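Engineer: Chains as they are written, first to last, in my numbering: chain A, 67 to 557; chain B, 361 to 718. Every residue, glycine too, gets a C-beta built ideally from N, C-alpha and C. Remember, predicted model here, so these are calculated numbers, not experimental data. Below you'll find the structure I mean.
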């Protein structure tokens, strides 16, 4: 039995956890749900010994764990999968896993690779090419590696922080099956999630956290998605997003013609074409790692294609990409400079920089004032324009990126997995802003591995698989059919 | 910025306290040592002027380091770049006899800038195009510069008599104005301050400086948003080298009037300390360089008056840097986090928890 008793933790003036009790029994999947900032991750870190609580203690089978000792928790058999993967960027994935439970004193990398492949096959995970380093891997690949690393310890307690957000539909079922298998072996599983459907589907018990307090303990049989959402938010749930705008109401805004790109010796993009019109949100569905990252980087201008072209209507021929604003998938690594101020982060967008730095001279006062207006307009909770971007919560970081994209007055916004890890309110906000942008005549290309999001927002859907892209028909708009297309079964 | 000034001063005070303890242990009087240091550095007009003269090359090289470090380009080669600048200036200096002084001086400085820019630019090009670690290439180029200097003063540029391994003296028209003889104080310090202000404006008030700092803080994000990383890398290392190179040329114009082996006592390395103490702020570098210049200058007097080895000054320099870095990573980050949590109040409620947990 895993028990956390009377746990409190304060960060500055914020009480992140307020006398929280939590327990989980062997052979149980216990879901921990709550909004961003409810304290879920803090609780996980305390159980895993990465943070020392201000009060309270954690025990496993009656034996108290030394608080704040990660090695102690791991030794006792507690392994955790982080929401933002903590891997060594410059090491290969085999080296990263060798530092987990597969490692031997001899640091036998081939043996680690063999064991990893066996476990990955069991889970239905695809592994990166042999010997590739982490820095080029997508978020989804990182999460899979992190799951493998945690399982390599053969843990008695496995804590998973939002592990499913980045898994493909094809991977989801085996993964949830794996959790059930681990449960059957008598292990303790703690599943932290926003996805209430998942919690209801696999969990035995559900604990709801809100603002650092446990507000409900329930079981799937006794509750429903709506009831859980209400408990998490504590008030009326945010209004549903505006319905998707009617399809193809405008002229062509962006056309991509036959783009191909080779990367690391394989074809990342293979003759990709699409047409995006003003006033629409078009979705690109696909399992992460099938060329979406390359496509997005290419549209951002951070990469160039071997062949093909990108045409933005009404943009200057010299820099067509100037009219595209891109919101990258990895917001902390690619989208923001965390230790610069919020107003400086706005300047990352070339269009905003040109506006606030005419002829190269930066108008600091103007930029700060402009930032203040945007913070207000987009409801970004921040101490002020002068605060560092790292001071923002995940949801507000994403709101800032969306605000920056809209404020750079582009013809086209390209958004990649932007709602990953966001809570209901954050997701609703981000979706609303994109819908408004499209309604005002903008064009949005929504690249996502979340089918629910795509089906809800986009009138037209494309599917990417192994670097190729095709448009889907109205008859394809259901998750199982899309899942097949994403797996590459196009005939 | 105020807090960073505070940090530097606090580190300095702490270093002095430790030094006082060391001096006591050595059996000398701390008060006497600090008094002698001060006396040697600022005790007379002459001493103060010489402190500024000693600080001058440190401002140029300190700026070189600060500009490069702001972009996370670890230029350890300011010494080589300074020498390259000095060689360029020292090579043309003897032939500027017929030119009016302002023109001749301008040519000297331009030659210095060009020499340093080439030396730094090579490393920038290697980094941008061939992904060569600039730490290694800039360090190596220091040795290349020192050997080239040794070669030219033994060979192509050796003085006519050939008595010593040193170059021909530069023409009188290429020598710096010396307005307040017998001190060696000269307008080079003014040029250094003007360049420091220029670097400050560049870093914090221009789009180019923003791109540079963004690249320094998060290279991936900068690349994602289309900031031209390769061009910036070459440009910044060339600019950094040019600043150091001007420092070398100024030294030839104002002080040495010729080239010889061991031209630089290690200004380019001391510059790293100067820049770190100034927390890479170009304006802070003026004060920081004067502080280091004063230590250099005062150490002689200290040795004479108190019988303490001038090596003690190097101990002070090392301590200041170490204490500063220690302040940076632990205590101040915590205090800042605490202060911020207060300022943010309930707006950030819960967010801090998510952040600390991430």
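For residue 483 of chain A, does the three-state DSSP call read helix, strand or coil?
Structural biologist: coil
Engineer: Below 8 Å, can you find three or more Cβ-Cβ pairs linking the segment 574-588 of chain B to the segment 401-420 of chain A?
Structural biologist: Verdict: yes, contact present.
Engineer: Below 7 Å on C-beta distance, what does residue 403 of chain A contact in chain B?
Structural biologist: The contacting residues are 574, 577, 578, 581.
Engineer: Kindly list, in the order they appear in chain A, the residues whose Cβ is closer than 8 Å to that of residue 429 of chain B.
Structural biologist: Near residue 429 of chain B there are no residues of chain A at all, since even the closest Cβ is about 14 Å away, more than 8 Å.
Engineer: Quick check on residue 303 of chain A - is its C-beta less than 8 Å from some C-beta in chain B?
Structural biologist: Note that residue 303 of chain A has pLDDT 46, beneath the 50 cutoff, so the model's placement of it is unreliable and no number is given.
Engineer: Would DSSP call residue 524 of chain B helix, strand or coil?
Structural biologist: coil
Engineer: In the DSSP assignment, what residue or residues form a beta bridge with residue 427 of chain A?
Structural biologist: B:566
Engineer: Chain D partners of residue 367 of chain A, CB-CB under 9 Å?
Structural biologist: Looking at the structure shown, chain D is missing, and the protein chains on hand are A and B.
Engineer: How would you write the range of the alpha helix (DSSP H) that residue 462 of chain A sits in, first residue to last?
Structural biologist: Its alpha helix (DSSP H) spans residues 460-473.
Engineer: Is the beta carbon of residue 468 of chain B sitting closer than 8 Å to the one on residue 609 of chain B?
Structural biologist: Between residue 468 of chain B and residue 609 of chain B, the C-beta spacing is below 8 Å.
Engineer: Measure from the alpha carbon of residue 197 of chain A to the alpha carbon of each residue in A:209, A:185, A:217, A:163, then state which is nearest.
Structural biologist: Closest by alpha carbon: A:163.
Engineer: Which stretch, first to last residue, makes up the beta strand (DSSP E) that contains residue 88 of chain A?
Structural biologist: Residues 80-90.
Engineer: Using three-state DSSP, classify residue 67 of chain A as helix, strand or coil.
Structural biologist: coil
Engineer: Which residue spans inside the segment 96-181 of chain A form an unbroken alpha helix (DSSP H) run of at least 4?
Structural biologist: Runs of the alpha helix (DSSP H) inside the segment 96-181 of chain A: 106-113, 136-141, 159-164.
Engineer: Compare the Cα-Cα distances from residue 75 of chain A to each of A:67, A:106, A:178, A:475 and report the closest residue.
Structural biologist: A:106
Engineer: In angstroms, rounded to a whole number, what distance separates the CA positions of residue 704 of chain B and residue 108 of chain A?
Structural biologist: Unreliable positioning characterises residue 704 of chain B in this predicted model, as indicated by a pLDDT of 36, which lies under 50. A coordinate reading is not provided.
Engineer: Can you pull the chain B residues whose beta carbon is under 8 Å from the beta carbon of residue 427 of chain A, in chain order?
Structural biologist: 565, 566, 567
Engineer: So, does the segment 477-486 of chain B touch the segment 600-614 of chain B, judging by three or more C-beta pairs under 8 Å?
Structural biologist: Cβ pair count under 8 Å is three or more, so yes.
Engineer: The alpha helix (DSSP H) that contains residue 445 of chain A, what's its start and end?
Structural biologist: Element bounds for residue 445 of chain A: n/a, residue is neither H nor E.
Engineer: Going along chain A in order, which residues have a C-beta closer than 8 Å to the C-beta of residue 570 of chain B?
Structural biologist: Going along chain A in sequence order, the residues near residue 570 of chain B (Cβ under 8 Å) are 410, 413, 419, 423, 428.
Engineer: Beta-carbon within less than 6 Å of residue 368 of chain B's beta-carbon, same chain only, minus the 5 sequence neighbours each way: which residues are those?
Structural biologist: 637
Engineer: Check residue 668 of chain B in the structure and name its three-state DSSP category.
Structural biologist: coil
Engineer: Got a sec: is the Cβ-Cβ distance from residue 432 of chain A to anything in chain B below 8 Å?
Structural biologist: no
Engineer: Please report the straight-line C-alpha distance between residue 322 of chain A and residue 121 of chain A, rounded to a whole angstrom.
Structural biologist: 57 Å
Engineer: Is residue 423 of chain B helix, strand or coil when you go by DSSP?
Structural biologist: helix
Engineer: List the endpoints of the continuous alpha helix (DSSP H) containing residue 359 of chain A.
Structural biologist: 358-366
Engineer: At least one CB of chain B closer than 8 Å to the CB of residue 406 of chain A: is that the case?
Structural biologist: It does: the Cβ of residue 406 of chain A has a partner Cβ on chain B nearer than 8 Å.
Engineer: Alpha carbon to alpha carbon, how far is residue 271 of chain A from residue 72 of chain A? Give it in angstroms, no decimals.
Structural biologist: 19 Å
Engineer: Using a cut-off of 7 Å between C-beta atoms, extract the partners of residue 394 of chain A located in chain B.
Structural biologist: 584
Engineer: Grab me the residues of residue 166 of chain A's own chain with a C-beta within less than 7 Å of its C-beta, minus the 5 sequence neighbours each way, in chain order.
Structural biologist: 215, 218, 219
Engineer: Please report the distance separating the alpha-carbon of residue 487 of chain B from that of residue 225 of chain A.
Structural biologist: Near 42 Å, if we compare the C-alpha coordinates of residue 225 of chain A and residue 487 of chain B.
Engineer: Residues in its own chain within less than 8 Å of residue 540 of chain B by CB, not counting five upstream and five downstream?
Structural biologist: Apart from the 5 residues on each side of it in sequence, residue 540 of chain B sits with its Cβ closer than 8 Å to the Cβ of 409 in its chain, given in chain order.
Engineer: Give a yes or no on whether 8 Å exceeds the smallest Cβ distance from residue 361 of chain A to chain B.
Structural biologist: no
Engineer: Can you list the residues of chain B that residue 416 of chain A reaches, using a CB-CB cut of under 7 Å?
Structural biologist: Per Cβ cutoff of 7 Å: 585, 586.
Engineer: For residue 635 of chain B, which residues of its own chain have a beta-carbon under 7 Å away from its beta-carbon, when the five flanking residues on both sides are left out?
Structural biologist: 422, 425, 426, 429, 645
Engineer: With three or more C-beta pairs closer than 8 Å as the rule, is the segment 390-405 of chain B touching the segment 560-574 of chain B?
Structural biologist: no
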